[in-house]
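The structure appears right after this line, and notes come after that.
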Amino acid sequence: VSGNTIGHSPTEAALHAAQVRLAAGTELAGLGYYEVDYGRRTCFLDDRFRNICGVPPDVRHGLDPVQFWSDRVHPEDRPLLLDLRQKLHDGKVDRIAVEYRYQHPAEGRKWLHHLARLATQEPSGLGVRTFGVVRDITAQKEAELETQELRNNLQHLTRVNTLGALSGSLAHELNQPLGIILSNAQAAQELLAQEPPDLAEVREILSDIVAADRRAGEVIERLRALLKRGQVSLQPLPLNQVVEEVLHLTRADLIRRGVTVACELAPDLPPVAGDRVQLQQMVLNLILNGADAMADNAPGGRRLHVRTTVHEGRIRASVQDEGNGLPADIDRLFQPFYTTKAEGLGLGLAICWSIVTAHHGRLWAEPSPERGATFLFELPVAPLPAES
Amino acid sequence: MSPPSGIVYVLDDEPEMVKALTRLLRARKFDARGFTSAAEFLESYRPEGIACLVLDVAMPQIDGLALQRRLTH
């Protein structure tokens, strides 16, 4: 970047051309460019970098601009960034790419996308040199967050909607333990009024009351978990348990609709990386969909097969119905507001699609072997806990 | 109070419910008999004699209404 005015050797011409290309490229891409030499304690920022990060022209001495920039990285993002920078300096990685929040002195909170890499090491061994680019991605990021929020709201809405559909089932699930508690308590009152009271029986009654009460509590807990509006957190999770919980919640509803469920859950299934509530939501939607598809079948012909297996290192689950089968325009199945049901919103499968995508998995539909449709999804196995 | 005569059948697919209801009935000196499926009930049910049936409606396989139809035929 030194203004070299002596002669115009072919080398200089090539260098100049390269600089022009770099400048044109970074301008078109909206990139701010910088270089840091930690050995010589100097850095270079181009004007776009100064604009994007709001580094004033007079902050130029030594590594001051680097300090100015790092002081304005959002405190929650700074540790990650400094950690990545250290990895780069230590040669553990040769480049980094990271998105973070940044407090621009004049324009306020921004989102930046930052790429950096190690320059080829100089023989002097005077410490590392890095160069990189930043890009202002605030608009894109805000749109992303807004989409995410809409998606969360939509999921919440469909959960509430599903819950409405399940309310009969839930009333049953709660009434049953309450009825058990009531009858047991009345039996105990009766026994205690007798002479001599059968205390052994009363003791047994009390422990049954405790068990029934716990059961009611679990139903409410599951309900609460399902309704909770929260962030996605991918945790190692036993998929079989998720399936069983959903089947438990829907049991009375399925009996009422005359649907029988055959379950084949692979034993020793490795955990998936998943969000419990979202996966419950997905399994729930698929099961209710399957049940809806068989509403016109003769009683006795409403069978649902739920399976889990390991398939080529991924965990696969399927819900197979004996209903009307798949529509001709199968690709539209997973689009929002596409529905084949008179009272359907057309959101169930679209929600499943967004859930499976957020889980780095896939979801698809196939015709069932004899009649009806099979919906399948595959999820990656949860990674082992990191060693570092 | 003399013990009531006749049998009370309790039929529910939820075993804990059957247990609680028969327990209560027995505490009140009824001859209560519990079953968790219609098939099981039909095997030991004797139509003669006075009896009362406490019947759950939503059950897998034969549900309460189907059983009632079968009994009244």
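Chain order of the listed sequences is A and B. The opening position of the first sequence corresponds to residue 75 in the numbering used here, with each subsequent residue numbered one higher. The opening position of the second sequence corresponds to residue 125 in the numbering used here, with each subsequent residue numbered one higher. Think of the CB as a built atom: it goes at the ideal place given N, C-alpha and C, for glycine as much as any other residue.
Cβ pair residue i, residue j closer than 8 angstroms
| i | j | result |
| --- | --- | --- |
| LEU155 (chain A) | VAL167 (chain A) | no |
| VAL142 (chain B) | VAL132 (chain B) | no |
| THR204 (chain A) | LEU162 (chain A) | yes |
| PRO373 (chain A) | GLY332 (chain A) | yes |
| HIS188 (chain A) | VAL208 (chain A) | yes |
| ASP210 (chain A) | GLY104 (chain A) | yes |
| GLU319 (chain A) | GLN352 (chain A) | no |
| GLY158 (chain B) | THR146 (chain B) | yes |
| ARG169 (chain A) | ALA190 (chain A) | yes |
| LEU343 (chain A) | ILE389 (chain A) | yes |
| LEU477 (chain A) | ALA439 (chain A) | Since the first residue of chain A shown is 75 and the last is 462, residue 477 (chain A) is not available in this structure. |
| LEU321 (chain A) | VAL335 (chain A) | yes |
| ALA162 (chain B) | ARG330 (chain A) | no |
| ASP282 (chain A) | GLU164 (chain B) | no |
| ASP136 (chain B) | ASP187 (chain B) | no |
| GLN250 (chain A) | GLU138 (chain B) | yes |
Buried/exposed call for residue i, threshold 16 Cβ in 10 Å
| i | result |
| --- | --- |
| VAL380 (chain A) | buried |
| GLY397 (chain A) | buried |
| CYS337 (chain A) | exposed |
| ARG422 (chain A) | The question names Arg, but residue 422 (chain A) in the sequence shown is Gly. Under this definition GLY422 (chain A) is a buried residue. |
| GLN409 (chain A) | exposed |
| ASN359 (chain A) | buried |
| PRO441 (chain A) | exposed |
| ARG122 (chain A) | buried |
| VAL110 (chain A) | buried |
| GLU223 (chain A) | exposed |
| ARG376 (chain A) | buried |
| VAL75 (chain A) | With a pLDDT of 47 at VAL75 (chain A), under the threshold of 50, the modelled position of that residue is not reliable, and the figure given next carries that caveat. With fewer than 16 other Cβ atoms within 10 Å, it is exposed. |
Bridge partners - residue i, DSSP secondary structure assignment
| i | result |
| --- | --- |
| ASP111 (chain A) | A:THR116 and A:ARG203 |
| GLU172 (chain B) | Its beta-bridge partners do not exist; DSSP assigns none. |
| VAL455 (chain A) | A:VAL346 |
| GLU338 (chain A) | A:ARG381 |
| GLY106 (chain A) | A:VAL208 |
| PHE154 (chain B) | In DSSP, PHE154 (chain B) forms no bridge with anything. |
| TRP185 (chain A) | A:ARG175 |
| GLN309 (chain A) | A:GLY348 |
Proximity test, Cβ basis, 8 angstroms: residue i and chain A
| i | result |
| --- | --- |
| GLU140 (chain B) | yes |
| VAL166 (chain B) | Position check: residue 166 (chain B) holds Leu in this sequence, whereas Val was assumed. It does not; no Cβ of chain A falls within 8 angstroms. |
| ARG198 (chain B) | A question about residue 198 (chain B) goes unanswered here, because the residues of chain B that appear run from 125 up to 197. |
| ARG152 (chain B) | yes |
| TYR133 (chain B) | no |
| PRO184 (chain B) | yes |
| ARG157 (chain B) | no |
| ALA163 (chain B) | no |
| LEU148 (chain B) | yes |
| LEU177 (chain B) | no |
| LEU145 (chain B) | yes |
Beta-carbon separation (whole angstroms), residue i vs residue j, contact threshold 8 angstroms
| i | j | result |
| --- | --- | --- |
| LEU273 (chain A) | ALA151 (chain B) | With a Cβ gap of about 13 angstroms, LEU273 (chain A) and ALA151 (chain B) do not count as contacting. |
| PRO454 (chain A) | HIS434 (chain A) | 6 angstroms |
Test: residue i CB closer than 8 angstroms to a CB of chain B
| i | result |
| --- | --- |
| GLN214 (chain A) | no |
| ASP287 (chain A) | no |
| ASP282 (chain A) | yes |
| GLU220 (chain A) | no |
| ALA245 (chain A) | no |
| PRO443 (chain A) | no |
| GLY253 (chain A) | yes |
| LEU265 (chain A) | yes |
| ASN258 (chain A) | yes |
| ARG361 (chain A) | As written in the sequence, residue 361 (chain A) is Ile, which differs from the Arg given in the question. No, no contact with chain B. |
| THR431 (chain A) | no |
| ARG296 (chain A) | no |
| GLN250 (chain A) | yes |
| ARG330 (chain A) | yes |
| THR324 (chain A) | no |
Cβ-heavy atom distance, residue i to the ligand GDP, below 7 angstroms
| i | result |
| --- | --- |
| ALA88 (chain A) | Inclusion of the ligand GDP in the displayed structure is not the case, the ligand content being empty and no account of it being possible. |
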